[in-house]
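A.B. asks: For the sequence shown, our numbering assigns the number 1 to the initial residue and increments by one for each residue that follows. Using N, Cα and C, we set each Cβ at its ideal position, and we do this for glycine too. So that we are looking at the same thing, I have put the structure below in structure tokens.
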Amino acid sequence: MRHLRWFLLLVILLLLPATTSHAAVKSSYATPTLFVHGYHGGLNSLGPLIDRAELERKGQRVLIAEITPQRIQFIGRWSKSVKHPIIQVIFQNNQANWNLDAQWLNRLLTILKEKYHLKNYNAVGHSRGSLALVIANEHQPALKLKRLVVIAGSFDGALWRDDHVNENHFLASGRPAIIHPEYQEILNHRTQFPKQTRVLAIAGNRLDGTNSDGVVSLVSALSLRYALSKQVKEYRQKIFYGKNTEHSQLPRFNQSVQQTTIDFIWPS
């Protein structure tokens, strides 16, 4: 049933007039929020979170930005009347290097600026998508990032790749004891991260002794505190425990994570 729902959504969006022209518009559109999935992710990764935002009338999905190895194409129609537009970013190659994803995100931001006369944006990332967003914003993005939620971000390793259960820990300084290449890259360019950004880092703990969500450790997901807390306007972090805290479940099935994200991106 879930797959049918997303298939129908895609069909509806495909039937809408595509907004692919780069023609100038006379006035700026409202500040959008980009939703960026992670490694092996897709339409369903952050779809339920977007559904929740629409149900609460906090946000409205206007575009799907599909990033292919050759270009970026938009599906849907964005009306100027939408107050809190949502753009769902889909990587056709969902197993690419985080640096490549970051480069494509910055290309997307440049297109959005030119096409819609935007100045600012918000973003929600999950897993590798969180990492790509952070790295993109350390390399002179075309738009200013105002609010960022990173859910289970693999900033300093992933258990299935280069991290091991309970191997890493925080030193007294707050720095992770083990520095993986992606985290070193964040540290190398952290002074370039936009100072006006408010950041919320969310992590999951399954309470199974691994101090992780099964894929990303608490140390990895919360390592942004050491890297960026003194750089940004505001840094918060929150850990969710127990039920529905497995890596892919956090944005899809954990209603507390969904509500926390929505409240941070669109404060009342």
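I need the straight-line Cα distance from P194 to V232, nearest angstrom please.
C.D. replies: For the purposes of this step, residue 194 is taken as the residue at position 194 of the sequence shown. For the purposes of this step, residue 232 is taken as the residue at position 232 of the sequence shown. So the two alpha carbons sit approximately 7 Å from each other.
A.B. asks: Taking all protein chains shown into account, do 16 or more other C-beta atoms lie within 10 angstroms of the C-beta of V149, making it buried, or fewer, making it exposed?
C.D. replies: Start at 1 with the first residue of the sequence shown, and residue 149 comes out as number 149. Classification of V149: buried, given that the 10 Å Cβ count is 16 or more.
A.B. asks: Flag this pair as touching only if the stretch 88-97 and the stretch 34-41 have three or more C-beta atom pairs under 8 Å; answer yes or no.
C.D. replies: Yes: the two stretches touch, three or more of their Cβ pairs being nearer than 8 Å.
A.B. asks: Have a look at Y39, I50, S45 and flag the residue whose alpha-carbon is nearest the alpha-carbon of W266.
C.D. replies: By 1-based counting over the sequence shown, the position of residue 266 is 266. Nearest C-alpha to W266: I50.
A.B. asks: Just tell me which of Q184, V219, L63, V199 has its CA closest to the CA of L112.
C.D. replies: Along the sequence shown, read from residue 1 onward, the residue named residue 112 stands at position 112. Checking every option, the nearest Cα to that of L112 belongs to L63.
A.B. asks: Just to confirm my understanding: we take Y226, look at its own chain, exclude 5 residues before and 5 after, and list those with CB closer than 6 Å. What are they?
C.D. replies: Position 226 of the sequence shown, counted from the start, is the residue given in the question as residue 226. Closer than 6 Å at Cβ, skipping near neighbours: G174, R175.
A.B. asks: Give the list of continuous alpha helix (DSSP H) stretches no shorter than 4 residues that lie fully inside the stretch 135-206.
C.D. replies: Counting whole runs of 4 or more residues, the stretch 135-206 contains the alpha helix (DSSP H) stretches 181-188.
A.B. asks: Under DSSP, the alpha helix (DSSP H) around K58 begins and ends at which residues?
C.D. replies: Along the sequence shown, one-based indexing puts residue 58 at 58. Segment: none, K58 is in no alpha helix (DSSP H) and carries neither H nor E.
A.B. asks: Using a Cβ-Cβ cut-off of 8 Å (strictly less than) and excluding sequence neighbours within five positions of F155, which residues of its own chain qualify?
C.D. replies: As a position in the sequence shown, residue 155 is number 155, starting the count at 1. The residues are S130, L131, V134, E182, Y183, I186, S220, A221, S223, L224, A227.
A.B. asks: Since I believe A136 is in contact with L105 (beta carbons under 8 Å), could you give me their beta-carbon distance rounded to a whole number of angstroms?
C.D. replies: Residue mapping note: residue 105 aligns to position 105 of the sequence shown, counting from 1. Residue mapping note: residue 136 aligns to position 136 of the sequence shown, counting from 1. The pair is a contact, with the Cβ atoms about 4 Å apart (cut-off 8 Å).
A.B. asks: By how many angstroms is the C-alpha of K80 removed from the C-alpha of R128?
C.D. replies: As a position in the sequence shown, residue 128 is number 128, starting the count at 1. As a position in the sequence shown, residue 80 is number 80, starting the count at 1. About 31 Å.
A.B. asks: Give every residue of the same chain whose Cβ lies closer than 7 Å to the Cβ of N99, excluding the five residues on either side of it in the sequence, and list them in chain order.
C.D. replies: Counted from its first residue, the sequence shown places residue 99 at position 99. Correct list, in chain order: I135.
A.B. asks: With three or more beta-carbon pairs closer than 8 Å as the criterion, would you say the stretch 247-257 touches the stretch 200-212?
C.D. replies: The answer is yes - the stretch 200-212 touches the stretch 247-257, with three or more Cβ pairs under 8 Å.
A.B. asks: Return the first residue and the last residue of the alpha helix (DSSP H) that R252 is part of.
C.D. replies: Counting from one through the sequence shown, the residue named residue 252 turns up at place 252. Taken as a continuous stretch (DSSP letters only), the alpha helix (DSSP H) holding R252 covers 249-253.
A.B. asks: For F264, which residues does DSSP report across the bridge?
C.D. replies: Counting from 1 along the sequence shown, the entry for residue 264 is found at position 264. In the DSSP output, where bridge partners are listed per residue, F264 has none listed.
A.B. asks: E274 bridges to which residues according to DSSP?
C.D. replies: Here the chain has residues from 1 to 268 only, and residue 274 is not among them.
A.B. asks: Can you give the beta carbon distance from I262 to K58, rounded, assuming they're within the 8 Å contact cut?
C.D. replies: Locating residue 262 in the sequence shown gives position 262, where the first residue counts as 1. Locating residue 58 in the sequence shown gives position 58, where the first residue counts as 1. That belief holds up - the Cβ atoms of I262 and K58 are roughly 5 Å apart, short of 8 Å.
A.B. asks: What are the start and end residues of the beta strand (DSSP E) that includes N120?
C.D. replies: If you number the sequence shown from 1, residue 120 lands on position 120. It spans 120-126 - the beta strand (DSSP E) in which N120 sits, taken as one unbroken run.
A.B. asks: Please report the residue range of the beta strand (DSSP E) in which L222 lies.
C.D. replies: Within the sequence shown, the letter at position 222 stands for residue 222. Element bounds for L222: n/a, residue is neither H nor E.
A.B. asks: Report the rounded CA-to-CA distance for E234 versus H164, giving the unit in angstroms.
C.D. replies: As a first step, residue 234 is located in the sequence shown; it is residue number 234 there, counting from the start. As a first step, residue 164 is located in the sequence shown; it is residue number 164 there, counting from the start. Straight-line Cα distance between these residues: approximately 30 Å.
A.B. asks: So, with DSSP's three-state summary, where would you put Q88?
C.D. replies: Counting from 1 along the sequence shown, the entry for residue 88 is found at position 88. Strand.
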